[in-house]
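Undergrad: Please see the structure below; I have some questions.
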Amino acid sequence: GTIKEKKEYYEIIDEETKNTYFFDDNAFIFNGDTVSYVLLNSMKSKIVEVIKRNKTSIIGRISIKDKYNKKFDRKYKSIVFHSFDKYINRDLILKEDVLDGALNDDVVALEIEYNNEIREIKPVKVLKIISKIDDNYLDIYAKIYEYNFDIEFNNVDDDLKEIPDIVSEDEIKGRTDFRLKSVITIDNDDSKDFDDAVGLEKDGDNYILYVHIADVANYVKEGSNLDKEALRRGTSLYLADKVIPMLPFKLSNGICSLNPDVDRLTLSIIMNINKNGDVIKYEIVEGVIKSLHQMKYSEVNKIFSGNNQEIEKYKDVYQMLLDMKELSNILRKKREERGALDFEENEYYFVMNDGVPIDIIKHERGIAEKMIEDFMLIANETIAYNASIMGLPIVYRIHEEPDNDKIKDFINTINGMGYKIKKLRNGTHAKELQKVLNNLKDEANYDIISNMLLRSMMKAKYYEENSGHYGLQLKNYCHFTSPIRRYPDLMTHRVIKNLMIHPNNMAQDLKRYQSIIPDVAFKNSNSERRAVDLERKVDDILYAKYYESKLNKIFKGKISSITNFGFFVKLENGAEGLIAFRDINGFVEVNAEHTKAGFYNNVYTLGDVVDVMVIEVNKHEGLIKLEFA
């Protein structure tokens, strides 16, 4: 089984049955360790042996001080490692030969061994110097290491030397030339890499949508060190004001970025779409573009709201943008009619000053953001459909049906909040779940309800077989539109180029891709989960740092979750803190649905707006401790 921390205690999760058991918490084990055990009764167990340790290295600060021993009348160096790890939160005495160049106040990753007999952790050597203790990015760097990502690229210099800075005429030969077409990029205001561009023409009642994607596969050769490094990373990371790209900046911000007024190579899909939103014809080609404008979402949203200054600035593409908006509405309506889920989650952005969060801003998705999302979705769907009917082995993006019991728990919970929602049958269609969301859209607790349903869903993943996407209600779906920042997209490009556009060694390439796609899908599902977890953890750290200067101040929040150990309260800027039951003076009783909890004459319900005070933060772990004001 695997050891799991449950806030107030530890438990064992059996790896086969998934049953959980208490155990003697004096055992020398830590969160995530794999152990063998015997059952003492139906609930309690005893650990027999530690099979595998979860942590083989820990992060902390080196403290080196000169000291004097009166007894032996001599000076000596005291070298102490102060662990940041909440599970192994103990100081370790180090010898000088362990340091490997680390100095006083360096934050390092320290390799450790465990002595089970005397219950001792032994330091082995410093594996990596992460930063100085006074670096404001320290906690982010530490988490990057902890989640097994790298900032620096390994062994890619020789490959980068072979990559040009500009597109040559030889590279353009044989490609479809889109340079005289109206092509634009539309991205976030702070985007640095641009891997998708769009264009649109009207053909009577039909629309011709051009989606141009950076031809990364032209530069990242299969099996090269650059390719291996991209596969190992799997994805780009976006951590506050830090971007850790999947590909080096020479590619991600240079030759592969679809910057304006320069030639760029693309893999393009041209889709003829009728007034009902159906793709009636499509073509996939290697192309070359020269983007007219590098537009921002904020600018396009202003154009759609009638801002004359922005309309005049982009008058050459104004009519095209209006046609794009028209097509976007058609595609979105079609998606809603087939029952695709749309959670409309709030997003928050940190305003940073040299690694310190100074403000937190809520971001509203506008028409422009939704429009580009619509175009990328239809491109991904069409590419997956093409692969499916041609039998091309690609990495599909699948989303399985939710577990029936979890959906029942979701319905019971929102009914426990006072809403009257009828029970849903087994194998619920996504359209019925979307109907529940739509019916509660104007409720004050819609954000909580939407988040609960999202947590009830299965996680989307990459897979070698096409089993459809439940959330989008699509039979065919893959990732094609972001090869700069996602490895599965790059693999999709390679398969299309080698098996469809340039089928030189069809049988050999087909066999090769069939053999490697399962491994790519598995690795990228894992790297995606790690990246999502890391980005959330970094957000938690930044929230904790933001509230570090606001201790004992009162804020409004909403009870977002009631557990067996406390209330989670979401503050108005998206931060979430815990009011632990153990800090409440009195017995707390929680109802079966976890929608109400009471102590003395106070009863709190999920969704209640409350005044809370920040009493403690742990910025290394991103924890905020609250109490009722």
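Residues in the sequence shown are numbered consecutively from 1186, following the working numbering.
Where a beta carbon is used, it is the ideal one built from N, C-alpha and C, also for glycine.
(1) If the criterion is Cβ atoms closer than 7 Å, does the pair residue 1705 and residue 1676 meet it?
(2) With a 10 Å radius around its C-beta and 16 neighbouring C-beta atoms as the bar for buried, classify residue 1449 as buried or exposed.
(3) Here's a check: name, in chain order, each residue in its chain whose Cβ is nearer than 6 Å to the Cβ of residue 1316, leaving out the five neighbours to either side.
(4) State buried or exposed for residue 1399, treating a residue as buried only when at least 16 other CB atoms are found within 10 Å of its CB.
(5) When burial is assigned at 16 or more other CB atoms within 10 Å of the CB, is residue 1683 buried or exposed?
(6) Which whole runs of the beta strand (DSSP E) in the region 1293–1365 are 3 residues long or more, in chain order?
(7) Is the region 1714–1729 touching the region 1420–1431, taking contact as three or more C-beta pairs under 8 Å?
(8) Measuring straight from C-alpha to C-alpha, what distance separates residue 1556 and residue 1309?
(9) Is the separation between the beta-carbon of residue 1667 and that of residue 1420 shorter than 7 Å?
(10) What separation, rounded to the nearest whole angstrom, lies between the Cα atoms of residue 1565 and residue 1511?
(11) From the DSSP output, read off the bridge partner residues of residue 1537.
(12) Whole angstroms is fine: what's the gap from residue 1814's alpha carbon to residue 1808's?
(13) Using the Cα positions of residue 1646 and residue 1716, report the straight-line distance between them to the nearest angstrom.
(14) Can residue 1533 and residue 1759 be called in contact, C-beta distance under 7 Å?
(15) Given this structure, state the Cα-to-Cα distance separating residue 1408 from residue 1701, to the nearest angstrom.
(16) DSSP state of residue 1698, grouped into three classes?
(17) Which residues bound the beta strand (DSSP E) around residue 1787?
(18) Could you compute how far the alpha carbon of residue 1392 sits from the alpha carbon of residue 1333?
(19) If contact is defined by three or more beta carbon pairs under 8 Å, each pair taking one atom from either stretch, is the region 1442–1456 in contact with the region 1372–1390?
(20) Quick check on DSSP: helix, strand or coil for residue 1263?
(21) Buried or exposed: residue 1288, going by 16 or more other Cβ atoms within 10 Å of its Cβ?
(22) Is the region 1537–1548 touching the region 1765–1772 in the sense that three or more CB pairs, one from each, lie closer than 8 Å?
(23) According to DSSP, is residue 1401 part of a helix, a strand, or is it coil?
(24) Helix, strand or coil: how does DSSP classify residue 1579 here?
(25) Quick check: the Cα distance between residue 1299 and residue 1237, rounded to an integer number of angstroms?
(26) Using 7 Å as the threshold, is the C-beta distance between residue 1465 and residue 1457 below it?
(27) Candidates 1575, 1233 and 1602: which alpha carbon is nearest residue 1777's?
(28) Roughly how many whole angstroms lie between the Cα atoms of residue 1513 and residue 1655?
(29) Consult DSSP for residue 1430 and reduce its assignment to one of helix, strand or coil.
(30) If you draw a straight line from the alpha carbon of residue 1783 to that of residue 1745, how long is it in whole angstroms?
(31) Taking all protein chains shown into account, do 16 or more other C-beta atoms lie within 10 angstroms of the C-beta of residue 1737, making it buried, or fewer, making it exposed?
(32) Inspect the beta-carbon positions of residue 1198 and residue 1216 and report whether they are closer than 7 Å.
(33) Look up residue 1674 in the DSSP assignment and give the residues it is bridged to.
(34) Per DSSP, residue 1689 forms a beta bridge with which residues?
TA: Taking the definition as stated:
(1) yes
(2) The C-beta of residue 1449 has 16 or more other C-beta atoms within 10 Å across all chains shown, which makes the residue buried.
(3) 1292, 1323 and 1326
(4) buried
(5) buried
(6) 1305–1317
(7) Segments in contact, yes.
(8) 54 Å
(9) no
(10) 20 Å
(11) 1542
(12) Taking the straight line from one Cα to the other gives about 18 Å.
(13) 13 Å
(14) yes
(15) When rounded, the distance between both Cα atoms is 12 Å.
(16) The three-state reading of DSSP puts residue 1698 in helix, counting H, G and I together.
(17) It spans 1787–1790 - the beta strand (DSSP E) in which residue 1787 sits, taken as one unbroken run.
(18) 45 Å
(19) yes
(20) strand
(21) exposed
(22) Verdict: no, contact absent.
(23) In this structure, residue 1401 counts as helix in the three-state DSSP scheme.
(24) DSSP places residue 1579 outside both helix and strand once states are collapsed to three, so it counts as coil.
(25) So the two alpha carbons sit approximately 11 Å from each other.
(26) Yes, these two residues count as a Cβ contact at 7 Å.
(27) 1602
(28) 21 Å
(29) coil
(30) 16 Å
(31) Residue 1737 comes out exposed.
(32) no
(33) DSSP output for residue 1674 lists no bridge partner at all.
(34) Looking at the DSSP assignment, residue 1689 forms no beta bridge with any residue, so it has no partner.
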